[in-house]
Amino acid sequence: MEVNSLYVGMQQPLLPEEWITRASRLSTSLFCDVMGRTGAMDYSIKPVTTGMKVCGTALTVDLRPGDNLFLHKAINVGQKGYVLVADGKGHIANAYLGELMAEAAQKLGLEGIVIDGAARDKEALIELNLPIFCKGFNPNGPHKDGPGKLHTSISCGGVSVHPGDLVVGDDDGVVVIPRNIVEDVLTLAENKADEEEKRKQDIRSGNIEPAFLKKAMERYGL
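Quick note on numbering: the sequence shown equals residues 628 to 849 in my numbering.
In structure tokens, the structure reads:
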């Protein structure tokens, strides 16, 4: 038990389904805008193909560079509602996962996988259609020795991720919303979505200049 305590933390409960439903209607850019233009992982972490979207509660795993032993374990404790987020330390010389692990994750109900590192079997991953976000592809396989940590605070793509945070990904990338501010951020993002819809209607009706522009340009004498 003493050894296990070093490697396995506590899995957090799923976020309320209402929050997930609301979040799934919104884009990553909306979330970043209302969080002060922050929260997005490094631009290199992208979906394996266009059109993949993911939204769910963070299940976290910390990996040794190039080693996927604890990723296997994380997948096997995964379930519906969770997005597996893995700190692979940006390692791209070995793939952390491929077709078999992705299919296992899908069978267990995971909403998707986000990994700060490489994957492989790109064609098969696209066909499988499980939302997977990674830094790229490399056919080199991983080691399976450990160590690692489950259900722990990690850094993924330069962003802190805690077990139970909200994770949202789309074609623009992946954003993380801390669990303790999810409800407030959702309300702000929904309000901004409404504002942007109104702005689109203005543009289509010929009102091109945004309301803020004239005042913002006064300091430049324009």
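Virtual Cβ for every residue (Gly too), placed ideally from N, Cα, C. None of these values were measured; they are calculated from a predicted model.
Cβ pair residue i, residue j closer than 7 Å
i: Gly739; j: Val710; result: yes
i: Phe764; j: Lys749; result: yes
i: Lys769; j: Asp694; result: Here residue 769 is Pro; the residue named in the question, Lys, does not match the sequence. Cβ distance < 7 Å, so Pro769 and Asp694 count as in contact.
i: Ala729; j: Leu752; result: yes
i: Ile702; j: Ala667; result: no
i: Ser671; j: Lys734; result: no
i: Thr814; j: Gly636; result: no
i: Ile808; j: Thr687; result: no
i: Asp669; j: Gly785; result: yes
Residues near residue i in its chain [Cβ-Cβ closer than 6 Å; skip 5 each side]
i: Ala816; result: Leu653, Leu657, Phe658, Val661
i: Glu836; result: none
i: Gly717; result: Asp743
i: Gly725; result: Arg747, Asp748
i: Gly736; result: Gln706, Lys707
i: Pro674; result: Phe760
Sequence-distant residues of the same chain with beta carbon closer than 8 Å to residue i, five excluded per side
i: Arg831; result: none
i: Thr655; result: Ala667, Val795, Gly796, Asp797, Asp799, Gly800, Val801, Val802
Bridge partners - residue i, DSSP secondary structure assignment
i: Leu686; result: Leu711
i: Ser780; result: For Ser780, which the question treats as bridged, DSSP gives no partner whatsoever.
i: Ala722; result: Ala745
i: Asp694; result: His770
i: Pro674; result: Phe760
i: Val704; result: In DSSP, Val704 forms no bridge with anything.
Identity of the residue in the options nearest residue i by Cα
i: Val788; options: Asn765, Gly683, Ile647, Leu813; result: Gly683
i: Pro805; options: Arg664, Leu696, Ser651, Gly791; result: Gly791
i: Glu645; options: Cys783, Gly785, Leu793; result: Leu793
i: Asp811; options: Gln639, Ala650, Val704; result: Ala650
i: Val741; options: Thr814, Pro766, Glu823, Asp689; result: Asp689
i: Ile719; options: Gln706, Gly708, Ala745; result: Ala745
i: Lys707; options: Asp821, Asn767, Pro643, Asp829; result: Pro643
i: Glu754; options: Thr677, Cys783, Val704; result: Thr677
i: Phe697; options: Phe839, Asp829, Lys841, Tyr634; result: Tyr634
7 Å Cβ cutoff, residue i in contact with chain B
i: Pro790; result: Of the protein chains in the structure, only one exists, and it is not chain B.
7 Å CB neighbourhood of residue i in its chain, flanking five on each side removed
i: Arg691; result: Gly773, Pro774, Gly775
i: Lys680; result: Pro758, Gly796, Asp797
Minimum length 4: unbroken alpha helix (DSSP H) runs contained in the region 785-843: 809-831
Contained beta strand (DSSP E) runs [length at least 3] in the region 739-770, N- to C-terminal order: 739-746, 759-761
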